[in-house]
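Q: Going from the sequence shown to this note's numbering is simple: count from 1 and add 25. Ideal placement from N, C-alpha and C gives every residue a C-beta, glycine not left out. Would you mind keeping the following structure in view while I ask a few things?
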Amino acid sequence: MEPAVGIDLGTTYSAVAWVNRDGVPEIIPDALGEALTPSVVGFDASGTPIVGAGAKVAQAEGEEAVAHLFKRWMGDAAFRFGGGGREWTPPELSAQVLGHLKRQAEEALGTAVRRVVVTVPEYFTHPEREATLKAGRLAGLDVLRLMSEPTAAALAYGLRPAAETRRLLVYDLGGGTFDISLVEIGAEELRVVGAEGDHELGGRDWDDRLVGELLRQLTTEESELLADRPGALLVEAERIKRTLSARRAAELRIAIEGRTIRATATREGFAAASRDLVEMTGHLTRKLLEEVDLTWDDITGVLPVGGSTRMPMIREFIEEISGKPPMAGIHPDHAVALGAAAQAALLLEAEAEALRLPGTAVAEPILRLGGPRKVSNVVAHSLGMIAESADRERYLNSVLLPRNQRIPSQATRPYKFRLKGDGSDEMEIFLTQGETENVQDCAYLGRYIVTGFPAKGGRREAVVDVTYSYDDSALVDVAAVDRVGGARLDVKVEQLPEDIPGRFLLPPAKGGGREPMTVYLAFDLSGSMSGPPLSAAKGAARAFVGQLDLTTTAVGLIGFSDSVKVELKATNNGSSIERAIQRLRVGSTGYGNDADPFDKIKELLRRDQHRRFAVVLADGVWSHQQKAISRARACHGVGIEVVAVGFGGADHGFLRAVASSDEQALFTRMGELSDVFGTIARELTESGA
26 MEPAVGIDLG TTYSAVAWVN RDGVPEIIPD ALGEALTPSV VGFDASGTPI VGAGAKVAQA
86 EGEEAVAHLF KRWMGDAAFR FGGGGREWTP PELSAQVLGH LKRQAEEALG TAVRRVVVTV
146 PEYFTHPERE ATLKAGRLAG LDVLRLMSEP TAAALAYGLR PAAETRRLLV YDLGGGTFDI
206 SLVEIGAEEL RVVGAEGDHE LGGRDWDDRL VGELLRQLTT EESELLADRP GALLVEAERI
266 KRTLSARRAA ELRIAIEGRT IRATATREGF AAASRDLVEM TGHLTRKLLE EVDLTWDDIT
326 GVLPVGGSTR MPMIREFIEE ISGKPPMAGI HPDHAVALGA AAQAALLLEA EAEALRLPGT
386 AVAEPILRLG GPRKVSNVVA HSLGMIAESA DRERYLNSVL LPRNQRIPSQ ATRPYKFRLK
446 GDGSDEMEIF LTQGETENVQ DCAYLGRYIV TGFPAKGGRR EAVVDVTYSY DDSALVDVAA
506 VDRVGGARLD VKVEQLPEDI PGRFLLPPAK GGGREPMTVY LAFDLSGSMS GPPLSAAKGA
566 ARAFVGQLDL TTTAVGLIGF SDSVKVELKA TNNGSSIERA IQRLRVGSTG YGNDADPFDK
626 IKELLRRDQH RRFAVVLADG VWSHQQKAIS RARACHGVGI EVVAVGFGGA DHGFLRAVAS
686 SDEQALFTRM GELSDVFGTI ARELTESGA
């Protein structure tokens with residue numbers, strides 16, 4: 026069987042590992058015995074690329090045509106680096122590093138290396154991951170999977186079996202990126218629960234702070250001399266940073282133009298200058314814990330990964346925020362490559378098992394250590410599309426597939442589209458990644474064009490079911506199906522127009538578009554809804570939202586029992602709606618049946634000029650039915666349509682009285698709530714009634 030190889034393609038340093046013949050992951054050093062290769066590309070006199078240590082020396086000597094930190098520009102189509110007589114893109118420069126590591130592994134193992142696992146920061150978006158795959162292809166590699174760096178490190182750590190499930194925070198501070206991931210390691214499975222990060226925060230930012238501390242000690246003349254050799258100063262700052270991890274002080278010493286420039290850095294001064302950077306990692310860590318609803322008492326420990334976690338200030342900060350010293354037992358510089366090799370072994374084993382003929386012997390595993398044999402990850406970014414706000418005054422990013430879902434994963438949403446019917450119809454979707462509604466703060470993955478609508482048929486509108494999916498490498502795919510007849514439509518991706526996102530900073534055009542709609546779900550949260558009824562209600566809410574075109578429909582959530590609480594004001598953001606559904610709790614508004622939601626519904630919707638609906642769910646008899654009926658009819662009187670859904674002990678006559686019509690009063694069984702709510706949403710989407 027081919028060797029199981031993993032590559033940690035780092036911002037400042039990279040490494041390659043394999044699972045050896047004893048079934049243990051190990052680093053493959055270079056010819057000089059070095060485990061790490063600088064992610065630096067220089068060029069010789071003939072323009073031939075030089076990778077690694079040789080390029081690092083050229084950088085220190087002040088040569089300008091030396092590329093570094095290009096991983097930070099992965100996915101940026103505009104970035105170019107001039108060197109060797111041509112311009113290079115980030116994938117092309119990364120391919121030079123990958124090719125160097127490929128040859129290094131082949132020379133050490135004595136065999137061809139083609140299929141590998143390559144790691145990326147957890148927080149890389151789709152364009153950055155696509156660029157990494159392209160780099161692999163350019164280097165002659167077949168990338169089995171893109172694996173997140175914290176997950177790889179956790180897998181390397183988890184190969185040591187333990188009696189109990191461990192819940193770890195992987196604190197991954199590399200040269201150019203920071204990721205924090207919550208990982209559960211059990212006997213059979215390693216599961217990523219959630220992730221946060223910043224792919225523009227890393228050890229290089231600490232180097233810049235150290236450079237600033239050193240420059241403050243120099244004269245203007247000395248600073249001007251060093252300005253002509255910025256690479257030399259950065260290389261020296263990196264050396265001093267490493268020295269300060271072992272000593273309290275370190276000296277800068279650079280010989281230039283016949284003189285020696287000196288300055289001194291102290292560990293305390295460096296820590297003070299970098300405190301805000303450290304706090305940024307703490308903010309992201311706390312944000313993740315809040316999102317997964319855990320406290321430090323729930324965490325087994327913090328696993329430091331990445332060379333920058335060697336800094337004493339980082340280890341002290343980890344203990345400061347967690348109350349526990351950082352976990353040990355794995356080399357922070359090697360963990361990611363080792364975990365990638367282990368993942369490659371698991372994938373190759375699974376492939377061999379899938380190809381094994383019935384009755385033949387099971388192949389001996391490549392990876393012979395204990396620990397989990399299955400790895401499941403989550404997506405770090407929500408997927409969405411551009412939508413119109415409920416008041417039609419602005420565009421916003423409507424999240425459709427929330428972050429921290431397990432991958433592979435997918436979500437299907439309907440999209441209502443007006444047809445010309447001449448065969449030239451094109452439905453335009455701007456796919457986004459990001460958590461914010463602000464159209465300026467999300468990443469645009471492309472302009473997706475849906476075609477293939479029939480030229481004839483007399484329809485004026487189509488409802489298209491658009492499916493967004495993440496694969497095992499967290500890469501995005503989009504598919505579309507015409508709901509009438511179920512025909513699969515053509516989807517192609519085009520470059521973003523130059524006016525994006527500027528186009529969406531202007532108000533939507535008035536007239537001629539699809540009519541917007543606002544819907545409030547009002548759920549009874551009295552004591553009788555405890556247990557299975559509440560779970561069924563949450564499932565029904567999710568089924569309802571899943572059948573809505575959120576680009577034109579805003580959804581809000583109300584809970585009521587003895588009082589009324591607006592859980593969420595109407596929004597097009599699917600992620601916010603999902604979080605509000607998760608937060609629904611029996612008892613949050615009392616346990617009785619004294620209140621009804623209709624005055625609040627009228628208050629929330631009275632200013633809206635477009636279609637307005639309320640879907641009310643009840644499972645019992647309300648205490649003040651006549652008041653509720655009167656208030657519901659006040660909603661009817663101002664054009665708010667009320668759909669009443671009951672189950673369990675709900676009163677049929679009361680449902681008919683509060684609904685806008687007999688047809689909008691529905692009684693069902695608890696197990697059919699999701700079907701009923703899904704049907705209501707489909708009717709609203711397809712007919713607006």
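Am I right that glutamine 368 and arginine 170 are in contact with their C-beta atoms under 8 Å? What's the rounded C-beta distance?
A: Right, their Cβ atoms sit about 7 Å apart.
Q: Just to confirm my understanding: we take serine 588, look at its own chain, exclude 5 residues before and 5 after, and list those with CB closer than 7 Å. What are they?
A: The residues are Thr614, Gly615, Ala620.
Q: Along the chain, where does the beta strand (DSSP E) that runs through valine 570 open and close?
A: Valine 570 -> not in any beta strand (DSSP E); alpha helix (DSSP H) instead, spanning 557-571.
Q: Compare the Cα-Cα distances from isoleucine 474 to each of Thr596, Glu174, Met410 and report the closest residue.
A: Of the candidates Thr596, Glu174, Met410, the one whose C-alpha sits nearest the C-alpha of isoleucine 474 is Met410.
Q: How long is the line joining the alpha carbons of phenylalanine 716 and leucine 550, rounded to whole angstroms?
A: Absent from the model: residue 716. The displayed extent of the chain is 26 to 714, so no value can be given.
Q: Going by other Cβ atoms of all chains shown within 10 Å of its Cβ, with 16 needed for buried, is methionine 452 buried or exposed?
A: Buried: at least 16 other Cβ atoms inside 10 Å.
Q: What residue range does the beta strand (DSSP E) around isoleucine 205 cover?
A: Unbroken beta strand (DSSP E) run through isoleucine 205: 203-210.
Q: Are the beta-carbon atoms of lysine 441 and threonine 577 separated by less than 8 Å?
A: In this structure, threonine 577 lies closer than 8 Å to lysine 441 by Cβ.
Q: My output table needs one value for lysine 594: the three-state DSSP class, helix, strand or coil.
A: Residue state, collapsed to three classes: strand.
Q: Can you tell me the Cβ-Cβ gap for glycine 200 and glycine 228, rounded? I've got them flagged as a contact below 8 Å.
A: Yes, they are in contact, since the Cβ atoms of glycine 200 and glycine 228 sit about 4 Å apart, within 8 Å.
Q: For glutamate 59, name the three-state secondary structure that DSSP assigns.
A: Reduced to three states, the DSSP call for glutamate 59 is coil.
Q: From the DSSP output, in three-state form, read off lysine 652 for me.
A: Note: lysine 652 maps to helix in three-state DSSP.
Q: With burial defined as no fewer than 16 other Cβ atoms inside 10 Å of the residue's Cβ, what is the status of alanine 370: buried or exposed?
A: Counting Cβ neighbours within 10 Å, alanine 370 comes out buried, since at least 16 surround it.
Q: Quick check: what's the CA-CA separation for arginine 300 versus valine 404?
A: Answer to the nearest angstrom: the Cα atoms are 30 Å apart.
Q: Nearest to tyrosine 38 by alpha carbon, out of Asp515, Asp358, Leu166?
A: For the residues Asp515, Asp358, Leu166, the minimum Cα distance to tyrosine 38 belongs to Asp358.
Q: Can you tell me whether threonine 320 is helix, strand or coil according to DSSP?
A: The answer is coil: DSSP assigns threonine 320 none of H, G, I, E or B.
Q: What is the DSSP secondary structure of valine 168, counted as helix, strand or coil?
A: Valine 168 falls in the strand class under three-state DSSP.
Q: Does the separation of the CB atoms of alanine 181 and isoleucine 355 fall below 8 Å?
A: Yes, they are a contact pair.
Q: For the beta strand (DSSP E) that tryptophan 43 lies in, which residues bound it at each end?
A: Here the beta strand (DSSP E) through tryptophan 43 covers 38-44.
Q: Given a cut-off of 8 Å, decide if serine 401 and arginine 24 are closer than it, judged by their beta-carbon atoms.
A: Only positions 26 to 714 of the chain appear in this structure, which leaves residue 24 out of reach.
Q: If we count the other Cβ atoms within 10 Å of its Cβ and call it buried at 16 or more, is methionine 26 buried or exposed?
A: Answer is exposed; the Cβ neighbour count stays below 16.
Q: On the three-state DSSP scale, how would you describe aspartate 687?
A: In the structure shown, aspartate 687 sits in a helix (DSSP, three-state: H, G or I).
Q: In the structure shown, what three-state DSSP assignment does proline 433 receive?
A: Reduced to three states, the DSSP call for proline 433 is coil.
Q: Determine the DSSP secondary structure at serine 494, reduced to helix, strand or coil.
A: Reduced to three states, the DSSP call for serine 494 is strand.
Q: Taking only three categories from DSSP, how would you classify arginine 340?
A: In this structure, arginine 340 counts as helix in the three-state DSSP scheme.
Q: At what residues does the alpha helix (DSSP H) containing glutamate 293 begin and finish?
A: Looking at the DSSP string, the run of the alpha helix (DSSP H) that includes glutamate 293 is 292-298.
Q: Thinking C-alpha only, which one of Gly556, Arg632, Arg707, Phe623 is nearest arginine 610?
A: Nearest option by C-alpha distance: Gly556.
Q: Apart from the five residues just before and just after serine 414, which ones in its own chain have a Cβ nearer than 6 Å to its Cβ?
A: Here the set comprises Leu421.
Q: Please report the residue range of the beta strand (DSSP E) in which isoleucine 626 lies.
A: Element bounds for isoleucine 626: not the beta strand (DSSP E) but the alpha helix (DSSP H), 623-630.
Q: Between alanine 40 and valine 66, how many whole angstroms is the CB-CB distance? I'm expecting something under 8 Å.
A: No, alanine 40 and valine 66 are not in contact; Cβ-Cβ is about 16 Å, not under 8 Å.
Q: Can you list the beta strand (DSSP E) stretches of 3 or more residues lying completely in the region 71-139, in chain order?
A: As far as the region 71-139 is concerned, its whole beta strand (DSSP E) runs of at least 3 residues are 74-76, 106-108, 111-113.
Q: For leucine 134, tell me which candidate among Arg658, Glu315, Ala42 has the shortest Cα-Cα distance.
A: Checked all of Arg658, Glu315, Ala42; the closest Cα to leucine 134 is Ala42.
Q: Does any residue of chain D bring its CB to less than 8 Å from the CB of lysine 96?
A: Although the question refers to chain D, the structure presented lacks it and comprises just one protein chain.
Q: Between which two residues does the beta strand (DSSP E) carrying arginine 2 extend?
A: Past the boundaries of the shown model lies residue 2; the chain is included only from 26 to 714, so the question cannot be answered.
Q: Over the uninterrupted alpha helix (DSSP H) stretch that includes threonine 176, give me the two end residues.
A: Per DSSP, threonine 176 belongs to the alpha helix (DSSP H) from 174-183.
Q: If you draw a straight line from the alpha carbon of leucine 629 to that of glycine 662, how long is it in whole angstroms?
A: Cα to Cα, leucine 629 sits roughly 15 Å from glycine 662.
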